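**Student:** Could you have a look at this structure, given as structure tokens, before my questions?
There are 2 protein chains.
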Amino acid sequence: MDISQFSQINPPQRLLMGPGPINADPRVLRAMSSQLLGQYDPAMTHYMNEVMALYRGVFRTENRWTILIDGTSRAGIEAILLSAIRPGDKVLVPVFGRFGHLLCEIARRCRAEVHTIEVPWGEVFTPDQIEDAIKKVQPRLLLTVQGDTSTTMLQPLEQLGAICQKYGVLFYTDATASLGGNVLETDAWGLDAVSAGMQKCLGGPSGTSPITLSPQMEAVIRKRKCVEEGIRTADHQDGDEEMIYSNYFDLGMIMDYWGPERLNHHTEATTALFGARECARLMMQEGLDKGIARHKLHGEAMLKGIQGMGLETFGDLKHKMNNVLGVVIPQGVNGDQVRKLVLEDFGIEIGTSFGPLHGKVWRIGTMGYNARKDCVMQTLSALEAVLNHVGYRSTQGAAMQAAWDHYGSHA
Amino acid sequence: MDISQFSQINPPQRLLMGPGPINADPRVLRAMSSQLLGQYDPAMTHYMNEVMALYRGVFRTENRWTILIDGTSRAGIEAILLSAIRPGDKVLVPVFGRFGHLLCEIARRCRAEVHTIEVPWGEVFTPDQIEDAIKKVQPRLLLTVQGDTSTTMLQPLEQLGAICQKYGVLFYTDATASLGGNVLETDAWGLDAVSAGMQKCLGGPSGTSPITLSPQMEAVIRKRKCVEEGIRTADHQDGDEEMIYSNYFDLGMIMDYWGPERLNHHTEATTALFGARECARLMMQEGLDKGIARHKLHGEAMLKGIQGMGLETFGDLKHKMNNVLGVVIPQGVNGDQVRKLVLEDFGIEIGTSFGPLHGKVWRIGTMGYNARKDCVMQTLSALEAVLNHVGYRSTQGAAMQAAWDHYGSHA
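First to last, the sequence lines map onto chains A and B. When the first sequence is numbered by the UniProt record's numbering, its final residue is 411 and no position is left out of the sequence of numbers. When the second sequence is numbered by the UniProt record's numbering, its final residue is 411 and no position is left out of the sequence of numbers.
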């Protein structure tokens with residue numbers, strides 16, 4: 001191996017305006033460059049406790065078990081599903097995009113009996129549709145996605161908690177892409193479990209997943225408790241239900257690691273934890289409501305700009321996430337060529353789409369550190385220039401003027 | 001929440017001389033403070049390909065599938081075990097410490113039929129003992145730990161590949177704590193899968209796990225291929241064996257994400273990848289053999305120093321890992337009090353022990369960035385001072401002189 005071919009990390013400057021990951025807040029990267037601590041150092045366990053407190057704020061919950069799962073967003077999803085679903089359990093998944101399919105897929109791997117309801121991509125469910133399905137299926141768990149970036153839609157959740165309670169159903173949502181940029185009220189909405197990710201509205205790098213568990217969900221998980229052979233003592237008792245089919249994602253063990261017993265499990269990813277702490281600290285410093293309003297402001301400015309360029313948007317705008325917008329690729333325009341020019345010549349990334357929307361829709365994000373006016377204006381102006389270059393005509397400057405007008409009327 | 005109570009990350013300065021995590025190389029932390037890239041940015045996929053090439057060097061392999069699993073070391077272990085073990089498969093685990101128990105635990109959760117052989121903590125197995133057990137059990141997989149920090153022992157592996165080949169057994173080792181500080185020859189020793197971690201000899205923070213898979217192991221995993229609903233096309237075919245009971249750890253999917261198809265799975269933890277790349281780059285720049293020799297030099301200097309202080313060591317020194325040493329806590333000395341004073345008053349962390357060794361043995365590491373003379377000398381001098389303070393008598397300066405003598409005779 002000629003090692004001289006491998007230079008220092010020196011990524012090109014990019015403005016990441018896709019559906020995530022987005023640019024990390026530089027303050028988060030600085031926090032992550034701090035030197036490490038031992039996992040049982042009092043300074044480290046103090047930081048772990050602070051992370052729990054901060055994410056209680058972010059999730060709007062009093063849940064004791066508000067912790068990090070070391071892995072990307074789907075590690076948080078899988079930890080909750082594997083720990084909560086017993087083989088044979090019935091689950092209901094309202095699917096309105098790719099990440100609903102992912103919940104089904106993970107649930108099937110947990111050997112659940114998976115039931116789905118579907119709406120076309122670009123729509124969401126009414127509470128009645130979900131209640132009807134719950135009556136019919138009688139699931140043990142309702143698995144929802146709050147914001148599905150594949151369609152840019154935000155599923156309203158506020159009425160589902162009461163429905164779940166009425167029928168004795170555990171209520172989970174995947175808030176990976178929505179948390180921090182859209183209202184989420186864990187306790188007020190009766191959620192039993194929520195998972196999230198860093199690389200969207202939280203403004204950090206992918207790599208750790210904040211989750212929160214209600215006391216009821218904790219009780220469900222504790223019934224499947226296990227303690228590892230190499231560290232178990234005579235005082236440890238296992239639960240009476242079948243063990244969880246993963247050690248890494250066994251939330252019983254992970255709670256014992258974050259709890260006062262500090263029972264060794266994995267070695268906490270300290271750098272990722274430092275980053276997650278800073279993301280939450282900055283979010284609480286700004287104020288959660290103010291941060292959500294900021295996402296709404298810049299998301300709407302982007303929408304106005306795109307409309308001002310004469311482009312069509314995708315999906316039901318009444319249920320759009322604040323932080324991502326689907327833009328229909330105009331007839332005769334090569335979507336990938338446009339993305340390539342925007343990336344290579346302007347250093348700006350916008351997103352492609354999956355599945356049925358592939359080749360038909362771009363996805364443009366305004367989230368986390370990039371929910372800013374300068375990011376919106378730069379993206380609109382680069383997109384106008386590239387579209388003009390490839391032959392799509394629009395009124396010069398109309399996109400930026402529409403965004404300016406929006407900012408002017410919302411100052 | 002009173003957010004003013006949460007200040008910037010500002011960890012106390014610590015010299016981490018336990019069994020890991022240890023201090024990260026500052027160059028690794030700097031690499032990790034780089035701004036992010038989109039996951040399909042050509043610059044990002046180029047870095048992913050470089051990571052594969054660099055870790056082929058570190059693992060001493062030509063294996064194409066040499067990649068990162070986003071999670072801590074045990075994420076790498078679990079990804080391999082979950083993907084390779086089919087429910088009902090027989091596995092053999094030679095247990096010589098806590099991490100052998102962990103392999104059994106994970107294998108049981110994969111619904112394997114788990115068979116073990118055991119030696120007392122502080123010893124390792126002969127190839128004959130393992131061959132006899134293979135003949136008796138006829139397992140599909142042999143699951144080994146190379147270096148078990150719980151006992152500080154290094155299991156010799158070089159003869160096991162031929163034995164596994166003779167009996168048609170897949171051969172895995174957990175090299176979390178040994179890779180980079182002790183010889184590991186993936187190809188020459190006939191290993192089918194190896195997993196590792198960042199926070200030991202590699203000198204980075206916990207949070208991503210490098211793994212390598214032989215072509216034979218790839219074939220085994222491909223039989224269980226799945227493609228997610230939300231991104232599958234008519235061209236995708238599933239394998240003919242039962243699917244893997246995890247989405248996050250489905251190595252078939254993870255290979256398709258790292259391979260030319262770049263099929264979306266998780267969002268790669270870019271910051272962790274930047275760190276892992278820098279760890280491997282620094283290691284290859286130093287030269288793998290030179291790095292291992294450095295671990296041996298400083299590990300032995302620590303051993304001589306500890307012996308010079310009149311302290312007993314734990315386990316069979318012929319089979320000690322280069323990078324960690326078990327030190328028997330002397331009669332009448334409170335091991336936790338000593339660790340506390342060394343930490344609080346000298347800023348140096350040494351390790352406690354698990355299970356049968358708890359309260360009886362300290363574990364002192366010399367690894368990664370901390371396999372250095374100054375780290376060895378500071379640790380010995382702090383330990384001598386604290387032991388003297390709590391009433392354990394030794395000859396003043398003898399520990400440091402023994403280390404100096406060792407360095408002098410190995411210059």
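Every residue, glycine too, gets a C-beta built ideally from N, C-alpha and C. Note that the structure is predicted; figures quoted are calculated from it, not measured.
Going by CA-CA distance only, name the one from A:164, A:189, A:195, A:343 that's closest to residue 145 of chain A.
**Tutor:** Residue 145 of chain A has its Cα closest to that of A:195, out of A:164, A:189, A:195, A:343.
**Student:** What residue ranges within the stretch 60–128 of chain A form continuous beta strand (DSSP E) runs of no fewer than 3 residues, ordered along the chain?
**Tutor:** Entirely contained in the stretch 60–128 of chain A, the beta strand (DSSP E) runs reaching 3 residues are, in chain order, 65–70, 90–95, 113–118.
**Student:** State the DSSP-derived secondary structure class of residue 262 of chain A, mapped to helix, strand or coil.
**Tutor:** Correct three-state label for residue 262 of chain A: coil.
**Student:** DSSP on residue 238 of chain B, reduced to helix/strand/coil?
**Tutor:** Three-state result, residue 238 of chain B: coil.
**Student:** Between the C-alpha atoms of residue 356 of chain A and residue 166 of chain B, what's the straight-line distance to the nearest angstrom?
**Tutor:** Going from the Cα of residue 356 of chain A to the Cα of residue 166 of chain B covers about 50 Å.
**Student:** So with CB distances below 7 Å, who are the chain B contacts of residue 261 of chain A?
**Tutor:** Simply none; closest approach about 14 Å.
**Student:** With H, G and I counted as helix, E and B as strand and the rest as coil, what does DSSP make of residue 322 of chain B?
**Tutor:** Note: residue 322 of chain B maps to coil in three-state DSSP.
**Student:** Spatial neighbours of residue 402 of chain A within its chain, please: CB distance less than 6 Å, with the 5 preceding and 5 following residues excluded, ordered by chain position.
**Tutor:** These residues qualify, in order along the chain: 304, 305, 308.
**Student:** Alpha carbon to alpha carbon, how far is residue 152 of chain A from residue 325 of chain A?
**Tutor:** Straight-line Cα distance between these residues: approximately 6 Å.
**Student:** Closer than 9 Å, Cβ to Cβ, to anything on chain B: give me those residues from the stretch 33–52 of chain A, in chain order.
**Tutor:** Of all residues in the stretch 33–52 of chain A, 33, 34, 35, 36, 37, 38, 39, 40, 41, 42, 43, 44, 47, 50 have a Cβ within less than 9 Å of some Cβ in chain B.
**Student:** Whose Cβ in chain A lies nearer than 7 Å to the Cβ of residue 150 of chain B?
**Tutor:** Chain A residues near residue 150 of chain B: 230.
**Student:** Does the CB of residue 202 of chain B have a neighbour CB from chain A at under 8 Å?
**Tutor:** So, not an interface residue.
**Student:** If contact means a Cβ-Cβ distance below 9 Å, which residues of the stretch 241–269 of chain B contact chain A?
**Tutor:** Those would be 243, 244, 245, 246, 247, 248, 249, 250, 264, 265, 266, 267, 268, 269, in chain order.
**Student:** Could you name the residues of the stretch 53–67 of chain B whose beta carbon sits closer than 9 Å to any beta carbon of chain A, in the order they occur along the chain?
**Tutor:** Within the stretch 53–67 of chain B, the qualifying residues are 53, 54, 56, 57.
**Student:** Is there at least one Cβ from chain A nearer than 8 Å to residue 285 of chain B's Cβ?
**Tutor:** For residue 285 of chain B, the answer is yes, since a Cβ of chain A falls inside 8 Å of its Cβ.
**Student:** Does DSSP put residue 145 of chain A in a helix, in a strand, or in coil?
**Tutor:** Note: residue 145 of chain A maps to strand in three-state DSSP.
**Student:** Between which two residues does the beta strand (DSSP E) carrying residue 174 of chain B extend?
**Tutor:** Note, residue 174 of chain B: beta strand (DSSP E), 170–174.
**Student:** Cα separation between residue 315 of chain A and residue 148 of chain A?
**Tutor:** Using only the alpha carbons, I get a separation of about 12 Å.
**Student:** Here's the rule I'm using: 16 or more other beta-carbon atoms within 10 Å means buried, otherwise exposed. How should residue 10 of chain B be labelled?
**Tutor:** With fewer than 16 Cβ atoms within 10 Å of its Cβ, residue 10 of chain B is classed as exposed.
**Student:** Does any CB atom of chain A fall closer than 8 Å to the CB of residue 292 of chain B?
**Tutor:** Cβ-Cβ to chain A under 8 Å: no for residue 292 of chain B.
**Student:** Terminal residues of the continuous alpha helix (DSSP H) containing residue 342 of chain A?
**Tutor:** Start and end: 335–346.
**Student:** Report the neighbours of residue 359 of chain B on chain A: residues whose CB is nearer than 9 Å to its CB, in chain order.
**Tutor:** Correct list: empty, because the minimum Cβ distance to chain A is about 12 Å.
**Student:** Where do the ends of the beta strand (DSSP E) carrying residue 195 of chain A lie?
**Tutor:** Taken as a continuous stretch (DSSP letters only), the beta strand (DSSP E) holding residue 195 of chain A covers 193–195.
**Student:** So, is residue 58 of chain B buried or exposed, given that buried needs 16 or more other C-beta atoms within 10 angstroms?
**Tutor:** Label assigned to residue 58 of chain B: buried.
**Student:** Listed in chain order, which residues of the stretch 10–21 of chain A have Cβ atoms closer than 8 Å to some Cβ of chain B?
**Tutor:** So the list reads 10, 11, 12, 13, 14, 16, 18, 20, 21, given in the order they occur along the chain.
**Student:** Just list the residues that DSSP pairs residue 182 of chain B with in beta bridges.
**Tutor:** Answer is B:179, bridged to residue 182 of chain B.
**Student:** Label residue 44 of chain A either buried or exposed according to how many other C-beta atoms from any shown protein chain fall within 10 Å of its C-beta, with 16 as the threshold for buried.
**Tutor:** Label assigned to residue 44 of chain A: buried.
**Student:** Taking residue 288 of chain A and residue 79 of chain A to be in contact with their CB atoms under 8 Å, please state how far apart those CB atoms are, rounded to whole angstroms.
**Tutor:** Not really, about 24 Å apart at Cβ, beyond 8 Å.
**Student:** What separation, rounded to the nearest whole angstrom, lies between the Cα atoms of residue 395 of chain A and residue 98 of chain A?
**Tutor:** Each residue's alpha carbon lies about 35 Å from the other.
**Student:** On the DSSP letters alone, give me the boundaries of the alpha helix (DSSP H) that residue 379 of chain A sits inside.
**Tutor:** Element bounds for residue 379 of chain A: 373–389.
**Student:** With residue 287 of chain B as the anchor, note down where its alpha helix (DSSP H) starts and where it stops.
**Tutor:** From DSSP, residue 287 of chain B is part of no alpha helix (DSSP H); its letter is neither H nor E.
**Student:** Looking at C-alpha atoms only, which residue of A:281, A:262, A:277 is the closest neighbour of residue 427 of chain A?
**Tutor:** This structure leaves residue 427 of chain A out entirely; chain A is present only between 1 and 411.
**Student:** Say whether the stretch 48–65 of chain A touches the stretch 271–291 of chain A, bearing in mind that this needs 3 or more beta-carbon pairs closer than 8 Å, one atom from each stretch.
**Tutor:** At 8 Å Cβ cutoff, the stretches touch.
**Student:** Which chain B residues sit within Cβ distance under 9 Å of residue 29 of chain A?
**Tutor:** Those are 32, 33, 34, 35, 36, 271, listed as they occur along chain B.
**Student:** For residue 172 of chain A versus residue 75 of chain B, is the C-beta spacing smaller than 8 Å?
**Tutor:** Not a contact, by the Cβ cut-off of 8 Å.
**Student:** Does any residue of chain A bring its CB to less than 8 Å from the CB of residue 205 of chain B?
**Tutor:** It does: the Cβ of residue 205 of chain B has a partner Cβ on chain A nearer than 8 Å.
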